[in-house]
Structures are given as structure tokens and as C-alpha cells.
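Visitor: Protein chains in written order, with my numbering: chain A, 1 to 333; chain B, 334 to 574.
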Amino acid sequence: MSHGSALPAQRFDWLPLALIPAIALAALPFIPSLPTWVTLTVAGLAMGMMIFMMAAGLTLVFGLMDIMNFAHGVFISVGAYAATSVLLAMKASMQADSLAANLAAIVPAVLAAMALAGFLGWFFERVVIRPVYGDHLKQILVTMGGLIVVEQLIHVVWGPDIIPLPRPATITGSFIVGGAAIERYRVLAVLVGLAVFAAMWLILNRTRLGLLIRAGVENREMVESLGYRIRTLFVGVFIAGSALAGLGGVMWALYQESVNAQIGMQMMVVLFIVLIIGGLGSVGGCFVGALLVGLMANYTGYLAPKLALGSNILLMVLVLLWRPRGLFPVGRG
Amino acid sequence: MAEALLALAGVNTHIGQYHILQGVDFEVPRAGLTMLLGRNGAGKTTTLRTVMGLWQASAGAIRYDGAEITRRTTPERARLGIAYVPENMGIFAGLTVRENLLLAARSGPPDDRRLEWIFRLFPAMQRFWHAHAGNLSGGQKQMLAIARAIVEPRRLLLVDEPTKGLAPSIIANMIDAFRELKRTETTLLVVEQNFHFARSVGDTVAVMDCGRIVHAGRMADLAADDALQQQLLGLSLQAHQ
Chain A
1 MSHGSALPAQ RFDWLPLALI PAIALAALPF IPSLPTWVTL TVAGLAMGMM IFMMAAGLTL
61 VFGLMDIMNF AHGVFISVGA YAATSVLLAM KASMQADSLA ANLAAIVPAV LAAMALAGFL
121 GWFFERVVIR PVYGDHLKQI LVTMGGLIVV EQLIHVVWGP DIIPLPRPAT ITGSFIVGGA
181 AIERYRVLAV LVGLAVFAAM WLILNRTRLG LLIRAGVENR EMVESLGYRI RTLFVGVFIA
241 GSALAGLGGV MWALYQESVN AQIGMQMMVV LFIVLIIGGL GSVGGCFVGA LLVGLMANYT
301 GYLAPKLALG SNILLMVLVL LWRPRGLFPV GRG
Chain B
334 MAEALLALAG VNTHIGQYHI LQGVDFEVPR AGLTMLLGRN GAGKTTTLRT VMGLWQASAG
394 AIRYDGAEIT RRTTPERARL GIAYVPENMG IFAGLTVREN LLLAARSGPP DDRRLEWIFR
454 LFPAMQRFWH AHAGNLSGGQ KQMLAIARAI VEPRRLLLVD EPTKGLAPSI IANMIDAFRE
514 LKRTETTLLV VEQNFHFARS VGDTVAVMDC GRIVHAGRMA DLAADDALQQ QLLGLSLQAH
574 Q
């Protein structure tokens with residue numbers, strides 16, 4: 001059966017996407033050489049992709065259930081530590097100059113990180129979040145408390161010291177393109193980030209589950225009135241978001257080449273900035289916001305290191321002055 | 334006389350500290366259209382939301398098709414065949430018309446005959462099939478909200494103020510659509526402020542005031558009694574005629 005479409009389909013809003021090249025081009029005159037600019041831009045995009053992985057679950061959780069989860073950082077930390085344990089146990093595979101051997105360590109490490117973070121997410125939703133649905137103040141207090149408890153548990157299990165985490169041999173080092181040094185690991189981070197975004201886009205836009213999630217973000221009451229149990233959907237999204245944060249934690253730990261118990265908590269401010277810039281509940285907005293924040297942090301980190309965090313707050317303020325509900329506001333029914 | 338499809342007995346609903354429904358008793362007969370009228374703040378929307386389970390009754394009983402559903406969750410009630418069109422229409426603005434209807438069809442993609450029937454009721458739905466719901470006009474959004482509720486056969490359809498903010502020509506279309514709906518097996522419970530609309534499509538009527546039912550009977554009887562209308566509906570009637 002064919003169905004006519006007299007009303008033009010809603011045009012995609014390209015303007016926020018144009019901010020990414022705009023911010024990169026705006027930085028160009030201030031950077032002394034083109035190769036340095038290329039290096040910083042790749043570093044910014046890589047950082048943005050990792051931030052996106054960490055933030056994507058948080059924005060969906062907020063959009064779907066209006067939950068302010070300040071403990072999201074623990075999934076990042078636990079993911080990073082779980083992977084570290086696996087990677088350090090497989091030191092020989094990590095140090096081998098063979099991609100297959102490196103993958104034999106990385107794949108189980110990533111799976112362990114996602115599984116443990118996902119399990120912790122399930123436990124957290126059941127024990128910490130569920131009793132405080134609908135009460136933002138209690139959510140902030142309880143999730144902050146949960147964050148502190150898990151951080152202390154990390155001290156108990158893995159110790160209070162920073163654990164060095166060398167990258168696998170095949171993704172260490174850099175290559176030169178047109179005089180610019182590009183770190184292999186950053187290229188990998190961009191590719192993984194793009195793959196995660198593509199997978200999320202496909203699920204959200206091409207499956208019935210995605211349809212339900214998008215509808216739930218807009219109007220969860222109506223989704224329930226159509227006969228769907230949004231709590232079940234929410235628990236699934238919470239676990240998936242936690243697992244994704246775990247993956248982000250592994251990527252971030254390997255990027256920093258070390259882990260400490262505060263690794264997740266340190267990211268929370270940046271994650272909230274990304275969520276607000278992108279529009280609460282919007283995965284596309286979260287993606288664009290993360291890239292903007294990543295680029296901004298790298299450019300200002302190079303030009304005026306003391307302004308690195310302040311510049312992202314300034315970016316958020318400017319975006320909100322332009323679009324008070326973020327770059328891609330989610331319509332709430 | 335056949336048992337009513339929906340029966341409320343002594344239903345109370347609290348929202349926070351406010352005691353909104355204060356012992357609502359009424360019945361919705363099968364396969365007809367019952368209008369729920371009353372002044373602003375009388376408790377009409379709260380009644381629909383309580384029936385749908387979006388607000389839980391603090392006391393009393395709700396029976397649907399002979400079974401008590403007072404403690405059932407909203408999705409469970411929906412799966413028993415109750416559909417709800419809220420006052421704000423509750424459409425998913427970021428989804429297309431097609432996606433809105435697809436989501437409402439729980440048992441799989443809606444069949445072509447059902448869709449053709451919906452398109453006859455609301456031709457705009459076919460024209461704007463691939464358009465985002467947020468781009469539709471107010472009347473079209475209302476049509477989508479109702480189309481979504483009936484994309485699969487439902488036994489009880491709760492509709493909150495379907496003519497609110499609509500132009501007279503669209504209201505005329507709505508009257509035709511509701512008359513067509515009445516020809517199906519679906520029972521309708523409709524909250525309305527527009528008495529002309531209510532009189533045109535209602536079979537039975539219940540009037541609320543201060544969280545209670547203060548009148549119940551045949552719509553035709555209320556439509557014929559100006560004094561009773563004035564007494565029960567007062568200013569709201571004058572404002573909407």
C-alpha cells in the first residue's frame with residue numbers, strides 16, 4: 001500500500017552540525033602551524049567520541065525517566081578497572097607486536113568492562129534509583145552517595161594507588177600525515193565512537209525498540225497508555241547505558257594510560273555539559289555536544305591550558321543563549 | 334439490561350495533598366458514547382486518568398468488563414482494550430504519522446483494511462503519512478491522536494476534550510468521525526466542554542461537579558432541558574455554545 005506525503009518531511013536541522021567545522025576553522029588562525037591544528041583536531045574528535053560513549057547512556061536515562069544520575073561516573077570507573085584487571089593479567093598478549101595477540105587481550109577486557117558496568121547498572125537501578133523515582137532532590141543525594149560508596153569499594157578491591165595501563169603494542173605510537181603526528185589510538189577511538197554512534201542510530205531509527213525509546217523520551221506516560229511497560233524498557237536502557245559507559249571507561253583509561261578511582265567522577269562535569277549542550281534526552285545532540293566539547297578542550301588546552309574547563313562552560317553558555325533547550329531539544333508531550 | 338462495560342463505585346483520587354475525586358459513581362454502558370461534562374476543575378480529566386491508571390484511586394473500585402481493575406497498571410489496562418486520548422493529545426512530535434500509528438499497533442503492523450478505514454475517517458493521515466507529527470496542525474494532531482487510539486480495535490476509548498481549540502469546520506469533521514466510531518464495537522467515554530459537540534454525538538451523559546457525579550442520564554433528556562443545563566453546566570455552557 002502506498003501512502004502519499006503532501007506535507008514535506010521535517011528537514012533535518014543541520015545548523016548545530018555546522019558548529020563542529022565552524023569551531024575547528026575558528027581555531028585555525030590561532031594555532032601556529034597547520035600540522036599542529038590537524039593533530040589537535042584529531043585529538044579533539046577522539047576525546048569527543050570517548051565522551052560520547054560515556055554520556056550516551058546518561059542522556060537516554062534522563063530523557064526516558066527524568067532521572068538525575070550523578071553516579072553515572074561509577075560505571076566509567078568500574079569499566080576501566082575491570083578492563084585493567086584483564087589487561088594486566090594478559091600482559092604478554094598486550095606487549096606482543098601482533099594485532100591478533102593484542103585483540104585476544106582487548107576483546108575480553110572490553111567485554112568484562114561492559115558486563116561488570118552493565119551488572120552494576122542493573123543493581124544500581126534496582127537498589128538506589130528505583131526508590132527515588134520522581135524526586136530530583138533525593139535522586140541527586142542518593143546517587144551522589146552511591147558514587148562515593150562505589151569509589152570507596154574500588155579502593156578496597158583495587159587499592160588507592162594509580163594503576164599504570166600501557167596501551168597494546170599495535171595501537172601505540174603515531175604516524176605522520178602531511179607533517180601532522182596522528183596517534184594511532186586516537187584514530188581507533190574515533191572509529192569506535194563512530195561505530196557506537198552508528199549502532200545507536202540504527203537501533204533508534206530502524207527498530208521497533210528504538211521507536212519505543214524515542215517515543216518514551218518524548219512522552220513516557222503515553223507509551224504506557226499504549227500498553228508498553230516503560231519500566232522494563234528503562235531498566236534495559238539503564239543497563240545498556242551503563243555498559244556503554246564501561247566501554248567509554250576502558251577507552252578513556254587506555255587514552256590516559258592509567259586508572260584511578262576518580263576517573264569517572266572527574267568526567268561527570270564534562271558529561272553534564274555535553275548533555276546540556278546537546279539537549280537532554282537527545283542522542284544526536286549528545287554526539288554533537290561531545291565533539292564540540294572535545295575540540296574546545298583540545299584547542300584551549302593548547303592555547304590557554306588554564307581555561308580548558310572554563311572554555312567548555314563558556315561554550316555551554318553560548319549554546320544556551322542561542323538554543324535554550326540545547327542543540328537538538330527533545331519534544332516533550 | 335446488559336452489565337455496563339465500565340463502572341466506577343465510590344472512586345476517590347488524591348493528587349498530592351489535593352482530594353480531587355470525592356466518591357465518583359457512574360457507569361458507561363456498552364457500545365455507545367457517554368459524555369462526561371462539567372465545569373473546569375470538576376474532576377473530568379482526573380476521572381479519565383484514574384480509569385486509565387495514570388493516577389491511582391485512593392479508594393473505591395473500578396470495574397471493567399466485569400473484572401476489577403483498580404490496582405492494575407496502565408499498560409495492563411491498555412492491554413485489556415482501553416485506549417486513551419489525553420487533553421494534550423500526547424502525540425509523539427518527533428515521530429512521523431506512520432511511526433505514531435505503528436507504535437500503537439501492538440500486535441504488528443496495522444492491516445490495510447483498518448488503515449483504509451482510518452484514512453476514510455481522517456484523510457489527512459494518509460496525506461501526511463511520512464510527515465513528522467510535530468509539523469501537523471492542531472486539528473490534524475487531534476485526528477492523529479484518535480487514529481492512534483483506534484489503529485487496532487479497542488473496547489473502550491477514553492477521549493479528553495477532542496474539540497478543544499479546534500475550528501468549527503474541524504469540529505464538524507470530528508462529529509462525523511465520532512458518529513462513525515459509534516457504529517463500531519468500541520464504547521466511548523468522552524470528556525467535553527463543547528455542548529454542541531456533546532449533544533451531537535452523546536448517547537448518555539454524566540455531569541461532574543466538585544469531584545462527584547451530580548447527574549447521569551440520557552443525553553437527549555439533558556439537551557431538551559434548558560433549565561437543567563443551566564443548573565448543571567452554568568457558565569461553561571454559555572461559553573461554548
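From the three backbone atoms N, C-alpha and C, an ideal C-beta is built for every residue, glycine too.
It should be emphasised that the depicted structure is a prediction, and the values quoted were computed from it without experimental measurement.
Helix or strand or just coil, what does DSSP make of B/Asn345?
Guide: If DSSP states are grouped into helix, strand and coil, B/Asn345 belongs with the strands.
Visitor: Say whether chain A places a C-beta atom closer than 8 Å to the C-beta of B/Arg412.
Guide: Closer than 8 Å to some Cβ of chain A, the Cβ of B/Arg412 qualifies, so yes.
Visitor: Taking 8 Å as the CB-CB limit, is B/Tyr351 close to chain A?
Guide: B/Tyr351 does not count as touching chain A.
Visitor: Restricting to runs no shorter than 3 residues, where is the beta strand (DSSP E) found entirely within the stretch 410-496 of chain B?
Guide: As far as the stretch 410-496 of chain B is concerned, its whole beta strand (DSSP E) runs of at least 3 residues are 415-418, 489-493.
Visitor: Kindly indicate which residue of A/Gly179, A/Val237, A/Phe287 has the alpha-carbon position closest to the one of A/Gly44.
Guide: Minimum Cα distance to A/Gly44 is reached at A/Phe287.
Visitor: For A/Ala253, which residues in the same chain have their Cβ closer than 6 Å to its Cβ, ignoring the five residues on either side in sequence?
Guide: Excluding residues within five positions, the ones whose Cβ falls inside 6 Å are Ala80, Leu165, Val259.
Visitor: Measure from the alpha carbon of A/Ala113 to the alpha carbon of each residue in A/Ala243, A/Ala26, A/Ile20, then state which is nearest.
Guide: Comparing Cα-Cα distances from A/Ala113 to each of A/Ala243, A/Ala26, A/Ile20, the minimum goes to A/Ala243.
Visitor: Where do the N-terminal and C-terminal ends of the beta strand (DSSP E) with A/Thr299 fall, by residue?
Guide: Going by the sequence as given, residue 299 of chain A is Tyr instead of Thr. Premise fails: A/Tyr299 lies in the alpha helix (DSSP H), 283-303, not in any beta strand (DSSP E).
Visitor: Can you give me, in chain order, the residues of the stretch 365-393 of chain B that have a beta carbon less than 7 Å from any beta carbon in chain A?
Guide: Residues Met385, Leu387.
Visitor: A/Ala83 and A/Val61 - do their beta-carbons sit closer together than 8 Å?
Guide: Against a cut-off of 8 Å, the Cβ pair of A/Ala83 and A/Val61 comes out as no contact.
Visitor: Report yes or no: is there a C-beta of chain B within less than 8 Å of the C-beta of A/Ala6?
Guide: In this prediction, A/Ala6 has a pLDDT of 47, which is less than 50 and means its spatial position is unreliable; what the coordinates show is noted afterwards. A/Ala6 counts as touching chain B.
Visitor: Can you grab the Cα-Cα spacing for the pair A/Asn298 / A/Pro108, in whole Å?
Guide: Distance between the alpha carbons of A/Asn298 and A/Pro108 is about 31 Å.
Visitor: Candidates A/Leu188, A/Leu275, A/Val237, A/Met268: which alpha carbon is nearest A/Val42's?
Guide: Minimum Cα distance to A/Val42 is reached at A/Leu188.
Visitor: Do B/Asp536 and B/Thr277 have their beta-carbon atoms positioned less than 8 Å apart in this structure?
Guide: There is simply no residue 277 of chain B to check, as chain B begins at 334 and stops at 574 in what is shown.
Visitor: What are the start and end residues of the beta strand (DSSP E) that includes B/Arg551?
Guide: Start and end: 545-551.
Visitor: Tell me the DSSP secondary structure of B/Phe528 in three-state form.
Guide: Note: B/Phe528 maps to helix in three-state DSSP.
Visitor: Using the beta-carbon of each residue, which ones in chain B are nearer than 9 Å to A/Tyr228?
Guide: Near A/Tyr228 (Cβ distances below 9 Å), the residues of chain B are Pro408, Ala411, Leu436, Arg439.
Visitor: Below 8 Å between beta carbons: does that hold for A/Leu147 and A/Met47?
Guide: No, Cβ-Cβ distance for A/Leu147 and A/Met47 is not below 8 Å.
Visitor: For the beta strand (DSSP E) holding B/Glu336, just list the boundary residues, first then last.
Guide: No beta strand (DSSP E) contains B/Glu336, which DSSP labels as neither H nor E.
Visitor: Taking the C-alpha atoms as reference points, what is the distance between B/Leu387 and B/Gln459?
Guide: For B/Leu387 and B/Gln459, the distance between alpha carbons rounds to 31 Å.
Visitor: For B/Phe425, which residues of its own chain have a beta-carbon under 8 Å away from its beta-carbon, when the five flanking residues on both sides are left out?
Guide: For B/Phe425, where only same-chain residues beyond five positions count, the Cβ hits under 8 Å are Glu432, Asn433, Leu436, Ala466.
Visitor: Go ahead and pull the three-state DSSP assignment for A/Tyr255.
Guide: Helix, per DSSP.
Visitor: Short of 6 Å in beta carbon distance, which residues of its chain neighbour A/Gly179, apart from the five on each side in sequence? Order them along the chain.
Guide: Closer than 6 Å at Cβ, skipping near neighbours: Pro35.
Visitor: Give me, in chain order, the residues of the same chain whose beta-carbon lies closer than 7 Å to that of A/Ala55; leave out the 5 immediate sequence neighbours on both sides.
Guide: Around A/Ala55: Leu271, Val274, Leu275, Cys286, Ala290.
Visitor: If I'm right that A/Gly248 touches A/Met50 with Cβ under 8 Å, what's the distance once you round it to whole angstroms?
Guide: Between A/Met50 and A/Gly248 the Cβ distance is about 6 Å, and since that is below 8 Å, they are a contact.
Visitor: Would you tell me roughly how many angstroms separate the C-alpha atoms of A/Leu191 and B/Met385, rounded to the nearest one?
Guide: Approximately 47 Å between the Cα atoms of the pair.
Visitor: Could you give the residue range of the beta strand (DSSP E) that holds A/Ser174?
Guide: Start and end: 174-177.
Visitor: For the stretch 322-330 of chain A against the stretch 506-522 of chain B, are there 3 or more C-beta pairs whose distance is under 8 Å?
Guide: No, they do not touch.
Visitor: Please confirm whether B/Phe425 has its beta-carbon closer than 8 Å to some beta-carbon of chain A.
Guide: Judged by the 8 Å Cβ criterion, B/Phe425 is in contact with chain A.
Visitor: For B/Asp493, count the other beta carbons within 10 Å of its own beta carbon; 16 or more makes it buried, fewer makes it exposed. Which is it?
Guide: That one is buried.
Visitor: Rounded to a whole number of angstroms, what is the C-alpha to C-alpha distance between B/Glu525 and B/Gly356?
Guide: Taking the straight line joining both Cα atoms gives about 21 Å.
Visitor: A/Val334 CB to nearest chain B CB: under 8 Å?
Guide: What is shown of chain A runs 1 to 333, which leaves residue 334 of chain A out entirely.
Visitor: What's the gap between the Cα of B/Gly399 and the Cα of B/Leu413?
Guide: If you take the alpha carbons of B/Gly399 and B/Leu413, they lie about 12 Å apart.
Visitor: Would B/Pro501 be called buried (16 or more neighbouring beta carbons within 10 Å of its own) or exposed?
Guide: Label assigned to B/Pro501: exposed.
Visitor: How is B/Leu561 classed by DSSP in three states: helix, strand or coil?
Guide: Correct three-state label for B/Leu561: helix.
Visitor: Determine, using beta carbons only, whether B/Gln574 comes closer than 8 Å to chain A.
Guide: Confidence at B/Gln574 is low in this model, with a pLDDT of 48, below 50, so its placement is unreliable and no value can be given for it.
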